[in-house]
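> Residue numbers (the working numbering), protein chains in the order written: chain A, 1 to 274; chain B, 275 to 548; chain C, 549 to 822; chain D, 823 to 1096; chain E, 1097 to 1370; chain F, 1371 to 1644.
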């Protein structure tokens, strides 16, 4: 990230700041929210020999004007990476803040279901986006494609047969993996449960359809052995209707693909050595 | 990006789809907007030997349900990268769409000023975010830190003297670079213009303060030789007030740091060879 | 791998073979066994524009003197990579052959348990070693450390309390992961099962101790809900005693850490163009 | 190597061990042998800020239960790399142990010839495998393809003429390189010696054929100026028959391609800070 | 660079110098000139834990036998990188020395024009070559292709129309970039100035033609608003004729593509610890 | 190299040349000399899908205005890499031309000794610089530090004893390596020859001293078994005096560290498709 931003080096800083100048600086939140990215920023700063003290920990609630961390060290180094580190903090904190607001909305009325993110992340930033969502209270769901077997509509568009596909997968995949399947009808959900999957993702089901599916599985005594995940068309507005259906997991793309950065800034508070 | 997403490979696809199956698929927009990222996605798909035809070009306006591109080729390869390519398209198109809405708002009432993005991008995605903003009609501003000399508040916190700093920079930097300075008061703007910078960034000025600054420069016959950029506290809501001041450039962080992804999906439309 | 082997290039080939010479060559097995690594070698050869035809598929049984593949193309390129590709094939086939011999020994007397490999691989070759074991009939177990949660003795040396550790893990880990725990006593196995883990690894248990543990779990009606894995001190010699205990999974380090390469060679059979 | 093993990070350790916990641990040999890989493991551990003390040095003979090194530091870091470092130590020590047994067998009866390894290594592990063989007492032979000129059967399959090939090579290669040639008949050995190579590799010669070849060269007064290497079909069983022929070098593929790992383990002996 | 030079490691040093030996050494100039590369060499040495004290600073004039820096630390490390660090210092100092001689020749007779380098550098060494030229007193010109817009003959060979090309560029490029154009006739220079470029490069103009072009621009009152750069066919011999024309910038390829290294050597002056 | 030069892409070309324009271009020599770098440039061009035909081969003598190669393909791609490929060709041809002039000077008067380059190359360009020297007729000497054992003054500054150092090296280094030693007195040369090294480098010996050393070795009947290399203080001017001494090898740093680029240019000769 640094390399991308720097090009051949920060020409302005090289021209205006002596190589030996050291300063003290603070990173300040300019909005309230849930902070995330501190661990990542510390790693970056320490690798560049900047002395850093975090005043809050990842996942904590901060107010506007909270000092997030204090940094001391070489002025050129610090100014060269200022924007990169603020971008990390702002994006991750923006994700954590939104996630937390959604999770709290659901918990507030007493629902226990997990709120999960999806793989709809900024390209290349999966680790950062999912870590931030986790700090906001979400389940990270798959980190890699190989984290669990997730048979989706496009796989079934090729294999066409739920039962046979699940059986073949179970015979060949390692015992260490769970198997999840995405279905679009109640009868497919039933077929999947009978085939013995671990998790069923109900894709674009209405709250009413979800309730009916769960009732059907309960009647067939299959509900205990599978987890039910609702996905598709769910957002901060309508999430309580989905939480009310009794699903185990609700996943939302917007946690990570529609992010509003939390505004932060870096301010030099003292020149230690000219 | 692919590597990050794939982990040790797409276990589901490997288990369910034969290695030789080929399919035909389409990428569909599920919302209207300005499309961006087609060139990047084509490069990715072609590097993986998938036959691709783009039906629209980057920067064009698309409606909901527009087919963006058709892809034919190995099913395993395609399904393994489905999410990565949708993430690129959705983020870039989301940025282009928002940028375009803002630029049109300004052009609609006849203002000529450039709308520029900032370096507040998703970390590591500077190229993608700025390219998308450009397709939406924005000026990319600096791509690297070394694109122009931009003397900011934190540099002046160390050097303390605008005139001397500008002079030293002008004597040492290559003739091929422009020099911009960020100021926070009218008198600093005047000092900067007198010192001969190419561009002055008025940081967190109100529209009224901007007008006064421009008037002051005009009075001193300095306005012709510098470009004026307004930055800080500007958003889609209040942008017309800033456009009305007569500034040359308006820059907004939210174009790239508060992105709403444009929803897209990939659908297999035919199995060509089992 | 190629880079490591080549240094500044294959000086002998450059000095003796004209740049435009093309040849036809064959890769021959010099021992019987199960072949593995063909897919990897094809990928390598095709990336270097060598025409390749595999005459057998990965996982098939081959006799001494079987021709595994035919290759045609630039002689310099082929001779420069000869050793690297034989090393891939020989190691992977050696692993597949040994694994297959062990799996067959267990299947021959009718046991159903899975034979799994461990993370005791050649450093950096996890993908190759586990793929080869899979082709020989083994379960790959974890590919990464993050594939499942596996609480080991060294984790418990820090946390000290099985029940509390499992509970904390279950509350924080994604629903998409299974939880396994390594235990060294029957009572720990019982505690783990009661805490609700998905898999219990009995570390260095004798066959008799394994049988007693399974009996204990069955009595507590916990056996249905967990998988039992035996690990430690198991080898090709004594594996039937462990298979006889009724465990679900038997894992052996020696599949991947004590490998005898299957001898293969590359022979130029015709000079196509001098 | 670490990256390959870790995936997105060691989820178990992250979930069970606090970020600030520090521990003291020991690496223990569970079998006797010659230890190798200590230098490589120290480099790895030190790069991760773990305090390490090696109690034995590379190449020394160790007994079962010998403590190889003591490590103190962050528990998460240590547990995340435990398997990678044991894999390095176990493979390298396994190679050193086997090599040493073979070299001792030859020295025991008084033969002076060098025992050399070949390029039959685990793909990508050439440096590690050859370093380990050297610690066991073997000659590393070529490390890269460009270490010496080694004209093999497949080169001669294209050039067809030993004398002309050697001459052309000698005229073009740097004076800093030795020239070796692989031959399969006594007369080819003679032709090679007359052409002035530095080393002749007798490929798949029986001990009797080797003796005859050496006698022939001696008769022609060519033996003094070349080194003779025997290669092919030689193993721990039959090596003395080859040593007895008077060759200068004996090379064996099995030193590095048929490795039995030396069993080692890492044990946490104290929690220093919870 | 180090990696390229080292291959599998410095075999001589490993064989002759004990791993724990420490020494004190000096880098000595064997010719007088302007030193450059000290900062780069310090970075390299410090990254390898060698204690270094520079006795002169980059850009200073040094005499034959000047001690440039003192180094203390591990002997193996130092000897392994000796050649790489001398190569950096010698090439960069050679460039700085030549550049300085040319700049001084021009300044000596009172000309103010900037002496600039071109992109004719050793491939891959742009940063090093241009940094050295800057230390010798030259303007670095473009560091990347994207530093400014420079429309060259080959671009115009495709677009054919100066005015239209410049207009299109100005409408699409960021306000942060300058626009330069290369022309080969006086009338093209005039057309470019009228089209509003920032810099005009007169390619292969004779001194007389340059004077006439400047006179023409002055007459049209366009000279104030553009910088004039002379390029092509200029060297240390004839540079004063070009400086005399009144151009703003003179660029020479030979500063970086015809370099005579400044001779330096590294001498061990004391063995600190055997 | 390309990446370094391009930064975020060639902004000028992107702004002026349509993405689909194709052109035909030629690379022209603007000076006579020995051409080198064609193979490297072809590899680069082909990797970018540009159709290339070389009209001359590496190592051939070319006149001013010779067309070296013809290129056809995408205009944007070609213009983006124009400078990088000319830099490769010009530097390599410059080295080959100078080397060839020196070698011819020596051959012209009938001397047989090899002219060798040293490791004094542009940092990171060892492969390119030595390949070019070879095409000019020089011996490449060491490509890596591990190509042969070369015991230098700085090694002896630590070990102090020639005989013991050589013996230790011979006992530990692979039989596949030659051993060279650098000496600064006649008696050291004798000691080295008696210790059995393969090559002796006489460092900074005058021609007279070299003759005396060779006479001394001949007298002791050691001359046949070692190669003698003269190095230090030798250049194009004085080389015949050194050739006349009867040494086997003369090495010169200036072949690769004091390079005058051979001027080349790329000209678009036709626009194939707008």
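Cβ atoms here follow ideal geometry from the backbone N, Cα and C, with glycine treated the same way.
What's the gap between the Cα of residue 1602 of chain F and the Cα of residue 899 of chain D?
In a straight line, the C-alpha of residue 1602 of chain F is about 51 Å away from that of residue 899 of chain D.
> If you follow the beta strand (DSSP E) that residue 230 of chain A is part of, which residue opens it and which one closes it?
227 to 231 is the extent of the beta strand (DSSP E) around residue 230 of chain A.
> Does DSSP put residue 845 of chain D in a helix, a strand or coil?
Residue state, collapsed to three classes: strand.
> Between the region 96 to 114 of chain A and chain C, which residues of the former have CB atoms less than 8 Å from a CB of the latter, in chain order?
Going along the region 96 to 114 of chain A in chain order, one finds 114 with a Cβ nearer than 8 Å to chain C.
> Tell me which residue opens and which closes the beta strand (DSSP E) that residue 1368 of chain E is part of.
Start and end: 1360 to 1369.
> Could you say if the region 1552 to 1567 of chain F and the region 971 to 982 of chain D meet the contact criterion of at least three C-beta pairs nearer than 8 Å?
No, the region 1552 to 1567 of chain F does not touch the region 971 to 982 of chain D.
> In the DSSP assignment, what residue or residues form a beta bridge with residue 61 of chain A?
Residue 61 of chain A pairs with A:34.
> Could you pull the start and end residues of the alpha helix (DSSP H) that residue 934 of chain D belongs to?
First-last for residue 934 of chain D: undefined, no H or E at that position.
> Spell out whether any CB of chain D is found under 8 Å from the CB atom of residue 687 of chain C.
With 8 Å as the cut-off, residue 687 of chain C does not count as an interface residue toward chain D.
> Under 8 Å, Cβ to Cβ, is there at least one residue of chain D near residue 494 of chain C?
Outside the shown range of chain C, which is 549 to 822, sits residue 494 of chain C, and nothing can be said about it.
> Beta carbon of residue 876 of chain D, beta carbon of residue 1090 of chain D: below 8 Å?
Their beta carbons are not under 8 Å apart, which means residue 876 of chain D does not touch residue 1090 of chain D by this criterion.
> Looking at the unbroken beta strand (DSSP E) that takes in residue 1254 of chain E, where does it start and where does it end?
Run containing residue 1254 of chain E: none in the beta strand (DSSP E); it sits in the alpha helix (DSSP H), 1249 to 1255.
> The region 1165 to 1183 of chain E: which residues have C-beta closer than 9 Å to a C-beta of chain F, in chain order?
Listed by position along the chain: 1171, 1174, 1175, 1176, 1178, 1179, 1180, 1181, 1182 and 1183.
> Note down, in chain order, each residue of its chain lying with its Cβ closer than 6 Å to the Cβ of residue 1403 of chain F, except the 5 sequence neighbours on either side.
1463, 1467 and 1632.
> Is the Cβ-Cβ distance between residue 667 of chain C and residue 796 of chain C less than 8 Å?
No, they are not a contact pair.
> Tell me whether residue 110 of chain A is buried or exposed, calling it buried when 16 or more other Cβ atoms sit within 10 Å of its Cβ.
Exposed.
> Please confirm whether residue 315 of chain B and residue 369 of chain B have their CB atoms less than 8 Å apart.
Their beta carbons are not under 8 Å apart, which means residue 315 of chain B does not touch residue 369 of chain B by this criterion.
> Under three-state DSSP, which class holds residue 234 of chain A?
Coil.
> Taking residue 1619 of chain F as the query, report the chain D residues whose CB atoms sit under 8 Å from its CB, ordered along the chain.
In chain order: 997.
> Is residue 772 of chain C buried or exposed, if buried means 16 or more other CB atoms sit within 10 Å of its CB?
Residue 772 of chain C is exposed by the Cβ-count criterion.
> Can you grab the Cα-Cα spacing for the pair residue 423 of chain B / residue 452 of chain B, in whole Å?
If I take the Cα positions, the gap works out to 6 Å.
> Please tell me whether residue 142 of chain A has its Cβ less than 8 Å away from any Cβ of chain C.
Interface residue, yes.
> Closer than 7 Å by beta-carbon distance: list the chain C residues that pair up with residue 1082 of chain D, in chain order.
806, listed in chain order.
> Could you work out which residue in D:835, D:1078, D:1061 and D:1076 is closest to residue 926 of chain D when comparing CA atoms only?
Nearest C-alpha to residue 926 of chain D: D:1061.
> Using a C-beta cutoff of 8 Å, does residue 1348 of chain E count as contacting chain B?
Judged by the 8 Å Cβ criterion, residue 1348 of chain E is not in contact with chain B.
> Please check if any C-beta of chain E sits within less than 8 Å of the C-beta of residue 403 of chain B.
False, the Cβ-Cβ gap to chain E never drops below 8 Å.
> Is the separation between the beta-carbon of residue 440 of chain B and that of residue 469 of chain B shorter than 8 Å?
A contact, by the Cβ cut-off of 8 Å.
> Against residue 16 of chain A, what residues of chain B qualify as contacts under a CB-to-CB distance less than 9 Å, listed in chain order?
Simply 423, 425, 429, 430, 432, 433, 439, 442 and 443.
> Can you tell me which of the three DSSP states residue 620 of chain C falls into?
Residue 620 of chain C: strand per DSSP, three-state reduction.
> What is the DSSP secondary structure of residue 1108 of chain E, counted as helix, strand or coil?
The answer is helix: DSSP assigns residue 1108 of chain E an H, G or I state.
> Am I right that residue 724 of chain C and residue 147 of chain A are in contact with their C-beta atoms under 8 Å? What's the rounded C-beta distance?
The Cβ separation is near 6 Å, so the contact holds.
> With distances taken from CA atoms, which of B:397, B:402 and B:414 is nearest residue 128 of chain A?
Answer by Cα proximity: B:397.
> Classify residue 251 of chain A: buried if its beta carbon has 16 or more other beta carbons within 10 angstroms, exposed otherwise.
By the neighbour-count rule (16 or more Cβ atoms within 10 Å), residue 251 of chain A is buried.
> Compare the beta carbon distance of residue 1387 of chain F and residue 1449 of chain F with 8 Å and say whether it is the shorter of the two.
For residue 1387 of chain F and residue 1449 of chain F, yes; Cβs fall inside 8 Å.
> Cα separation between residue 905 of chain D and residue 959 of chain D?
Cα-Cα distance, rounded: 27 Å.
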